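Trainee: Take a look at this one; I'll ask things after.
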Amino acid sequence: MSLPPADQQWIVVAADEVQEQLARSPLELKPKRVEVFTETDAFDEEAWRLRLYLPRPVGRTWGSRASFDTRRAAVDAFDMFAARTQHALPGRTLALVTTDEAPEADIAEPEGPASSEEREHAE
Numbered sequence: 090m091s092l093p094p095a096d097q098q099w100i101v102v103a104a105d106e107v108q109e110q111l112a113r114s115p116l117e118l119k120p121k122r123v124e125v126f127t128e129t130d131a132f133d134e135e136a137w138r139l140r141l142y143l144p145r146p147v148g149r150t151w152g153s154r155a156s157f158d159t160r161r162a163a164v165d166a167f168d169m170f171a172a173r174t175q176h177a178l179p180g181r182t183l184a185l186v187t188t189d190e191a192p193e194a195d196i197a198e199p200e201g202p203a204s205s206e207e208r209e210h211a212e
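Basically our numbering = 1-based index in the sequence shown + 89.
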């Protein structure tokens, strides 16, 4: 969905609002950065998506409870802000967590669409 400039500005404000609310919260994991975008969900409805950039985890990944609590708090804060500013979308808001601090060796190559030859070989 291509958003008009006013909505694009709102996205920046919304991301800042969510990040500020989470920074003031007692959560164990707090995002360094929040990105907001739209996506068509499985029910063919436009929905908000939040990408939360967390500090590099200690060990292999973050604790599942801490990650869930942060994602849930982000969605709640965002949905309240979207409703208050009349920017709610029909689909369900989801939050994804990632980091921008991963060591180079831990970063996987992006997967592109498999060629027909690769799909046939896999079958």
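Glycine included, C-beta positions come from ideal geometry on N, C-alpha and C.
From a predicted model like this one, the values you see are computed outputs, not experimental measurements.
1) Is it true that the CB of residue 182 sits closer than 8 Å to the CB of residue 167?
2) Considering only C-alpha positions, which residue in the set 162, 163, 105, 142 is nearest to residue 120?
3) Taking the C-alpha atoms as reference points, what is the distance between residue 152 and residue 186?
4) For residue 147, does the count of other Cβ atoms within 10 angstroms reach 16, so buried, or fall short, so exposed?
5) In or out: residue 163 buried (at least 16 other Cβ within 10 Å) or exposed?
6) Excluding the 5 residues preceding and the 5 following residue 130 in the sequence, name in chain order all residues of the same chain whose CB lies nearer than 7 Å to its CB.
7) Please work out which residues of its chain come closer than 6 Å, Cβ to Cβ, to residue 140, disregarding the five sequence neighbours upstream and downstream, and give them in chain order.
8) Taking 7 Å as the cut-off, is the beta-carbon of residue 130 closer than that to any non-hydrogen atom of the ligand FAD?
9) At which residues does the alpha helix (DSSP H) containing residue 107 begin and terminate?
10) Would you please state the rounded distance, in angstroms, between the beta carbons of residue 155 and residue 118? I believe it to be under 8 Å.
11) Beta-carbon within less than 8 Å of residue 205's beta-carbon, same chain only, minus the 5 sequence neighbours each way: which residues are those?
12) By the 10 Å Cβ neighbour count, where 16 or more other Cβ atoms means buried, how is residue 208 classified, buried or exposed?
Mentor: Once the coordinates are examined:
1) A contact, by the Cβ cut-off of 8 Å.
2) When 162, 163, 105, 142 are compared, the shortest CA-CA separation from residue 120 is found for 142.
3) Roughly 12 Å separates the two Cα atoms.
4) That one is exposed.
5) The residue in question, residue 163, is buried, as its Cβ has 16 or more Cβ neighbours within 10 Å.
6) Answer for residue 130: 136, 180, 181, listed in chain order.
7) Within the same chain, 124, 185 come within 6 Å of residue 140 by CB-CB distance, once the 5 residues on both sides are set aside.
8) As presented, the structure is devoid of all ligands, the ligand FAD included, so that no description of it is given.
9) Annotation: the continuous alpha helix (DSSP H) that includes residue 107 extends over 94-112.
10) About 5 Å separates the two Cβ atoms, so the contact holds.
11) Bear in mind that the predicted position of residue 205 carries a pLDDT of just 47, short of 50, making it unreliable; the figure below should be weighed with that in mind. Cβ within range, chain order: n/a, list empty.
12) In this predicted model, residue 208 has a pLDDT of only 46, less than 50, meaning its place in the structure is not dependable; the value taken from the coordinates is given anyway. The Cβ neighbour count for residue 208, taken over all protein chains shown within 10 Å, is under 16; the residue is labelled exposed.
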